[in-house]
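Asks:
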Amino acid sequence: MATIQLDHLRKAYPTKSGSGALQVLDDFSLTVQDREFVCLLGPSGCGKSTTLDVLAGLTKPDAGTVTVGGSAGWSGLTCGYVFQRPRLLNWRTVRQNLEFALAGKGAPRKSWLGKTDEYLRLVGLADFADAYPLSLSGGMQQRVSLARALVIEPDVLLMDEPFSSLDELTARRLRVELLDIVSTQKTTVLFVTHNALEAAFLADRICVVSQRPAKVVEEFDVPVGRPRAPEDPALVAIQAQVLTMLEPDDASPGDPRERELAMP
-4 MATIQLDHLR KAYPTKSGSG ALQVLDDFSL TVQDREFVCL LGPSGCGKST TLDVLAGLTK
56 PDAGTVTVGG SAGWSGLTCG YVFQRPRLLN WRTVRQNLEF ALAGKGAPRK SWLGKTDEYL
116 RLVGLADFAD AYPLSLSGGM QQRVSLARAL VIEPDVLLMD EPFSSLDELT ARRLRVELLD
176 IVSTQKTTVL FVTHNALEAA FLADRICVVS QRPAKVVEEF DVPVGRPRAP EDPALVAIQA
236 QVLTMLEPDD ASPGDPRERE LAMP
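According to this note's numbering, the residues represented by the sequence shown are -4 to 259, in order.
(1) Between the C-alpha atoms of T165 and R30, what's the straight-line distance to the nearest angstrom?
(2) On a CA-only basis, which of D122, F123, E94 and K100 is nearest K110? Give me that one, please.
(3) Which of the three DSSP states, helix, strand or coil, is assigned to Y114?
(4) Taking the runs of the alpha helix (DSSP H) that are 4 residues or longer, which of them lie wholly in the region 157 to 214?
(5) Straight-line CA distance for G42 to P208?
(6) Within the region 73 to 100, note down every full beta strand (DSSP E) run reaching 3 residues or more, in order along the chain.
(7) Taking 8 Å as the limit between beta carbons, can you name the residues of its chain near K100, skipping five residues before and five after?
(8) Less than 8 Å between the CB atoms is what I'm expecting for A142 and L173, so what's the real figure, rounded?
(9) If A224 sits next to C34, beta carbons under 8 Å apart, how far is it from one beta carbon to the other, in whole angstroms?
(10) If contact is defined by three or more beta carbon pairs under 8 Å, each pair taking one atom from either stretch, is the region 152 to 163 in contact with the region 183 to 195?
(11) Could you tell me the alpha carbon to alpha carbon distance between S247 and K210, rounded to whole angstroms?
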């Protein structure tokens, strides 16, 4: 059971001047049920990326607890993380990037070829298995990152605006593929976005996050069956509801993680 429980998280970063601290998370709590797909939706710079980093164990909270599957940390469970930028190993081929993830999970070597072929095909990169990341476009690199996270068939998948750098046609296709894959794998998903329609299309539940310091201020269930169409009036109506909850974007100085990832 890969239920996620974040309780009363606090996280602050020192300011550049060193005279104080920037409070990014303050009493932040969230529950994601086993096999649920939750979208965390909020303005840029509000603390969404920091929330994922705390959950993944990449940064420590100043206070609060993180529980996954009833235990502190990731005991016995696997986590896939798709960052806002690809973060690939540029000295390894596309296939080798996926194999690196499989090796880390301890997957039998004899399964690597079939697994890498399967997931590269799903993201439309079957013909680029032997290419190196720096020879690919930014959008193609992000698709490699998605395949790398999915190939280990994780219990929990964390996604930080993974489709924001893709053209809309590719993003639409990958959203559909993502839903098919996580449904088959029975994966728990926490997906960060500032795109309300994307959230409505993907999520079982949308959690709207306030301006910094981040708190969940509203939750919306998405009672629309799958497969879904982005133009479905019910999804458009949910999008409109969600947008009314979002305050104007005031990301400065914002979440240091999100600011860093937005830099050219």
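Here a beta-carbon is modelled for each residue, glycine too, at the ideal position from N, C-alpha and C.
Replies: So, from the listed chains and residues:
(1) Take the alpha-carbon of T165 and the one of R30: they are about 25 Å apart.
(2) Comparing Cα positions, the closest option is E94.
(3) Note: Y114 maps to helix in three-state DSSP.
(4) List check, alpha helix (DSSP H) in window: 163 to 180 and 191 to 197.
(5) Taking the straight line from one Cα to the other gives about 7 Å.
(6) Fully enclosed beta strand (DSSP E) runs of 3 or longer: 74 to 77.
(7) So the qualifying residues of the chain are T73 and I147.
(8) Not a contact, Cβ separation roughly 11 Å.
(9) By a beta-carbon distance limit of 8 Å, A224 does not contact C34. Their separation comes to about 17 Å.
(10) Yes: at least three Cβ pairs fall under 8 Å.
(11) Model confidence at S247 stands at a pLDDT of 44, short of 50, so the residue's coordinates are unreliable; what they give is reported in the following sentence. Using only the alpha carbons, I get a separation of about 17 Å.
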